[in-house]
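Participant: Sequences listed follow chains A, B and C, in order. Using my numbering, the first residue of the first sequence is number 21, and each one after it goes up by one. Using my numbering, the first residue of the second sequence is number 694, and each one after it goes up by one. Using my numbering, the first residue of the third sequence is number -10, and each one after it goes up by one. From the three backbone atoms N, C-alpha and C, an ideal C-beta is built for every residue, glycine too. Keep in mind that this is a model prediction, so the values were computed, not measured. Next up is a structure, given as C-alpha cells.
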Amino acid sequence: MLATGLSWWLGTHQSGSATTGHSSATIIMMLVAFFKVRLVIMYFMEIRDAPLPLKLACEGWVAVTCGAVLGFYLLS
Amino acid sequence: MKTQQNSSSVQGHLPGEVGVWVFILGDMVVFSLFFVTFIYYRAQNVELFTTSQEMLDQNRGALNTLLLLASSWFVVLGVRSLYQRLADMAPKLFGVAFFCGVGFVLVKFFEFREKISHGITPTTNDFFMYYFIFSGIHLLHVFIGIGVLAFMILHLRKHGTSTLNMVLIEGGASYWHMVDLLWIVLFPLLYLIK
Amino acid sequence: MNTRNQLICAHSTVIFVFFTLVGLVFLTGWVPPPSPALTAEQTAAIFTNNTQLRIGLALIAFVSPLFMGLAMAIAAQLKRIEGSSHVLSNLQLLMAAVGVLAIQFPTLAWLGISYRPGLSPEIIQTFNDVCWFIFLGAVSPGVFQPLAIGLCILGSESSEEVYPRWLGYGNLWLAFLLAPGVLIPFFMTGPFAWNGLFSFWLALNVFFFWMILNYIYTLKAIRAQQASEQQVTWNRVEMPGTVEHHGARA
Chain A
21 MLATGLSWWL GTHQSGSATT GHSSATIIMM LVAFFKVRLV IMYFMEIRDA
71 PLPLKLACEG WVAVTCGAVL GFYLLS
Chain B
694 MKTQQNSSSV QGHLPGEVGV WVFILGDMVV FSLFFVTFIY YRAQNVELFT
744 TSQEMLDQNR GALNTLLLLA SSWFVVLGVR SLYQRLADMA PKLFGVAFFC
794 GVGFVLVKFF EFREKISHGI TPTTNDFFMY YFIFSGIHLL HVFIGIGVLA
844 FMILHLRKHG TSTLNMVLIE GGASYWHMVD LLWIVLFPLL YLIK
Chain C
-10 MNTRNQLICA HSTVIFVFFT LVGLVFLTGW VPPPSPALTA EQTAAIFTNN
40 TQLRIGLALI AFVSPLFMGL AMAIAAQLKR IEGSSHVLSN LQLLMAAVGV
90 LAIQFPTLAW LGISYRPGLS PEIIQTFNDV CWFIFLGAVS PGVFQPLAIG
140 LCILGSESSE EVYPRWLGYG NLWLAFLLAP GVLIPFFMTG PFAWNGLFSF
190 WLALNVFFFW MILNYIYTLK AIRAQQASEQ QVTWNRVEMP GTVEHHGARA
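Next comes the structure, spelled out in C-alpha cells:
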C-alpha cells in the first residue's frame, strides 16, 4: 500500500522535475522508474513469492533493461 | 477453487501457469528491445528528439500512468479478495480496473487525435515514429488487457468458488500488471527524459 | 501409416530451412536486404548480370512449398486436439498456404526483373519495392498461423496433452513478434524498414525459431501418437475379442 502511495507521489512529481533539463535528473528518473517496475513485479505480480527461476528471470529483466537503457543513454 | 501448484523443485507459488510467463517475459524482452532501440537512435539525434518531445503533453502521460497504476492496484485487491473468499467483491474490483483501462485508451485516443490534427504523424520524424509506434503497440496491449479483464469478470460471474479457475485469474492479472509496468518505463522514456 | 506420413511431412522442415537459408545467406546475400533508400540505379545494378542471385531466388522459390509439410503435420496433430471440428487446424493450414504464396510470388517476380537486360531502373525499383512488401511485408499469414495454433492448444478440452500448454502461449508470443512487418510500406530507413531491426532481423530469427520449435514438438506429438497406437494394437493382440474404443490406452 505504502509502495503504491510512494509510486503515486513520485509519478505526479516527476513531470515537474524533468523540465530542469539535466542528464542526472534523467538518470535518477529512469532509476526510479525501474524501481517502481520492480515493485510492481515483486508485489503486484507476487513474484516475491514465486519459484526462484521465475524470480531470477524477472530480476534479471529489470537489471538488464535498466542497465541497457542507462548505458546507451550515457553513451549519447 | 482450482489452483495450480508448481511442480518444480523450488519453493514458491507460481501465479497463473508456466505458459503465461513464457508469454509475459517474452513480451517484456521485446519491449526491452524497443526501449533500447529508442535510446540508441535518440543518441544519434538528441536535438531532434528533445525538441519534438516538447510537443508532447506530459500531464496526459502522467494521468495515464496513474490510471494504469490504480487499475493494477484494484486487480491486486480483486485477486486478494478471491483468496480471502470475499468472492462478490472481486468482479467489482476488476470492473473498476477495467474502467481505468478504458480511461487510458480514451486519453490516448484524444492524444493521438490531437497530434494528427496538427499534422504530426508516425512519418513526421524519427521521434514521432517511435512515439506513435511504441505507444501504439503498448495501446494494443492495453486493448488486449481490457479484453482479458472482461473475460476474468465474466468467468467470475459464471463460476462459484468451487469451480473457479485461479490459474486463469492470476494469469490474466499478471498480464495486466505487465501492461502497467511497461508504461511505467515508456512514459518517462518518451515524455520526460532530456 | 498415418504417423509415418506425418513424419515425412514434418521432416520436410529440414529441407525447407536448409535450402532457404543457403539461398538467402550464400546465394542471394540478402542478409540484410538491400536498403529501401537506394536509388533506382543502385537497385537496378543488383539485378543486372547476377546469376548467383537468380539461382538463389530459384532455389528459394522451389523449396518454399515444403513449408506446407510442417503445417500439415501440425494440422494433423491439432486435429487430435480439436476432435471432430477441424476449424483451427484448417485455418492454420490455409494461413500457411497463403504464406507460401507470399514467398513464391516475390521470388519469381525478382527473377522476372532480372531476366531481360535493358529494363529501366524505375521499373526494376518499383517491382523490387513490391516484392519486398510481399516477401517481408505480408506478415499476416505468418501472424495468424501461430495464432491459430496457440488458440487451439490453449482451448484444448482433450485430456490427452498433444502439445504442452506453454507452446500455445509461445506461439501467441511469436505471432506478435512477426507483426511489425506491416510497417514496411511506411518507412525507407530505420528499424521498421524492410532491412531494419524489427521488420527484418527480428522477423527472420523469429520465423526460423518458430519453425524449429514447432517442428521439435510436432515430432514429439507424432511419436506419442505412434506409441499410443502401438499400445492399442498390442491390446488387441493380447486380448482378442475385447471391445476397444479407438485410441484407448492400456
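Within 8 Å (strictly less), CB to CB, does P881 of chain B reach chain C?
Facilitator: No, P881 of chain B does not count as interfacial toward chain C.
Participant: Please report the Cβ distance between F5 of chain C and V52 of chain C, rounded to the nearest whole angstrom; I am assuming they are in contact, meaning their Cβ atoms lie under 8 Å.
Facilitator: 5 Å
Participant: Kindly list the residues whose CB is nearer than 6 Å to the CB of S147 of chain C, restricted to its own chain and excluding five residues on each side of it in sequence; keep chain order.
Facilitator: I70
Participant: Contact check, A763 of chain B vs L775 of chain B under 8 Å by CB: the rounded distance?
Facilitator: Not confirmed; about 19 Å, so no contact.
Participant: Using only CA atoms, which one of C:I35, C:L83, C:L161 lies nearest to P54 of chain C?
Facilitator: The residue with the shortest Cα to Cα distance from P54 of chain C is C:L83.
Participant: Enumerate in chain order the residues of its own chain whose CB-to-CB distance from T2 of chain C is below 7 Å, with the five nearest sequence positions on each side excluded.
Facilitator: Apart from sequence neighbours up to five positions away, the residues of its chain that approach T2 of chain C with a beta-carbon distance below 7 Å are G58, L59, M200, Y204, ordered along the chain.
Participant: Flag L100 of chain C as yes if its beta-carbon sits less than 8 Å from any beta-carbon of chain B, otherwise no.
Facilitator: no
Participant: Residues of chain B with a CB under 8 Å from the CB of F181 of chain C: which are they?
Facilitator: M822, I826
Participant: Touch check for the region 706 to 714 of chain B and the region 67 to 75 of chain A: three-plus C-beta pairs under 8 Å?
Facilitator: yes
Participant: Measuring only the C-alpha atoms, how far is P169 of chain C from I862 of chain B?
Facilitator: 30 Å
Participant: Can you name the residues of chain B whose CB is closer than 8 Å to the CB of A70 of chain A?
Facilitator: G705, H706, L707, P708
Participant: By the criterion of Cβ-Cβ separation under 7 Å, what are the contact partners of M65 of chain A in chain B?
Facilitator: P708, S867, H870
Participant: Would you say the region 799 to 808 of chain B touches the region 751 to 758 of chain B, given that touching needs at least three Cβ pairs under 8 Å?
Facilitator: yes
Participant: For Y868 of chain B, which option in B:L741, B:I839, B:L786, B:D781 has the closest C-alpha, if you only look at C-alpha atoms?
Facilitator: B:I839
Participant: Name the chain B residues that come within less than 9 Å of L51 of chain A, Cβ to Cβ?
Facilitator: What L51 of chain A touches in chain B: nothing, since even the nearest Cβ is about 10 Å away.
Participant: Grab me the residues of Y734 of chain B's own chain with a C-beta within less than 8 Å of its C-beta, minus the 5 sequence neighbours each way, in chain order.
Facilitator: D819, Y823
Participant: What are the boundary residues of the alpha helix (DSSP H) that includes F844 of chain B?
Facilitator: 819 to 851
Participant: Considering only residues of the region 12 to 99 of chain C, which uninterrupted beta strand (DSSP E) runs meet the minimum length of 3 residues and lie entirely inside it, listed in chain order?
Facilitator: For the region 12 to 99 of chain C, not a single whole beta strand (DSSP E) run of length 3 or above is found.
Participant: Assuming Q751 of chain B contacts Y884 of chain B under a Cβ cut-off of 8 Å, what Cβ separation, rounded to an integer in Å, is found between them?
Facilitator: 5 Å
Participant: Could you tell me the alpha carbon to alpha carbon distance between S78 of chain C and V82 of chain A, rounded to whole angstroms?
Facilitator: 38 Å
Participant: Using beta carbons (cut-off 8 Å, strictly below), is F133 of chain C in contact with chain B?
Facilitator: no
Participant: Mapping the DSSP letters down to three states, classify Q219 of chain C as helix, strand or coil.
Facilitator: helix
Participant: Please list, in chain order, the chain E residues whose beta carbon lies closer than 7 Å to that of G712 of chain B.
Facilitator: Included in the structure are the protein chains A, B and C, with no chain E among them.
Participant: How many Å lie between V20 of chain C and M177 of chain C at the Cα?
Facilitator: Distance between the alpha carbons of V20 of chain C and M177 of chain C: 17 Å.
Participant: Taking Cβ positions only, does D873 of chain B come closer than 8 Å to chain C?
Facilitator: no
Participant: On a CA-only basis, which of C:Q31, C:L172, C:L10 is nearest P110 of chain C? Give me that one, please.
Facilitator: C:Q31
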